[in-house]
């Protein structure tokens, strides 16, 4: 990849290149980029979070968990690591742990839109419509990127349904 040739000693550039690979389904190539970045900058939370995502995507739950916890050890205020744990717990039906990790992410960054989205989904699963509605609305207030247009439309429809349900 061209970015690796232009900036071979830049950890963030390597992670960014890895993210491109990851999003194109080339997980092994992404991991290689993340590991090169970590060789340059072993405490890079950006590289570690990305590596954890790749490990989780590859089914290495234990490895992902260790990586995300190591990020939290390095930087307890890193909302991304807490959120990554939340997503991992949620995907594994560990609802209480997912809720706690999302709440930790929001303590670190109250504007972390996707933590609100995950909490909305969690509370919907827990049949707590009021909490779900609150967090879905918080997501809609905070997430405005064009890339999130489809998810915003879906969440808006859920919000409308929850409002109708709660008002009746």
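Residue numbers (our numbering): 250 to 417.
Cβ coordinates follow ideal geometry from the N, Cα and C atoms, glycine included.
Because the structure is a prediction, the values reported are computed rather than measured.
Closest in C-alpha terms to residue 285, from the list 409, 335, 260, 359, comes 260. In the DSSP annotation of this structure, residue 325 is not part of any alpha helix (DSSP H), being labelled neither H nor E.
With 16 or more other Cβ atoms from the protein chains shown falling within 10 Å of its own Cβ, residue 299 counts as buried. For residue 393, there is no enclosing alpha helix (DSSP H), since its DSSP letter is neither H nor E. A direct Cα-Cα distance of roughly 11 Å separates residue 399 from residue 393. The beta-carbon distance between residue 376 and residue 344, rounded to whole angstroms, is 12 Å. This is too long to meet the 8 Å contact definition. In the displayed model, residue 340 falls within a helix according to three-state DSSP. Between residue 312 and residue 318, the CB-CB gap reaches or exceeds 8 Å.
When rounded, the separation of the alpha-carbon atoms in residue 351 and residue 368 is 7 Å.
Within its own chain, the residues whose Cβ lies closer than 8 Å to the Cβ of residue 294, once the five positions on either side in sequence are excluded, are 320, 323, 324, 327, 329, 330, listed in chain order. Rounded to whole angstroms, the separation of the alpha carbons of residue 416 and residue 336 is 30 Å. Just so you know, the alpha carbons of residue 263 and residue 288 end up roughly 11 Å apart. When the beta-carbon positions are compared, residue 408 and residue 386 come within less than 8 Å of each other. Apart from the 5 residues on each side of it in sequence, residue 353 sits with its Cβ closer than 6 Å to the Cβ of 331 in its chain, given in chain order.
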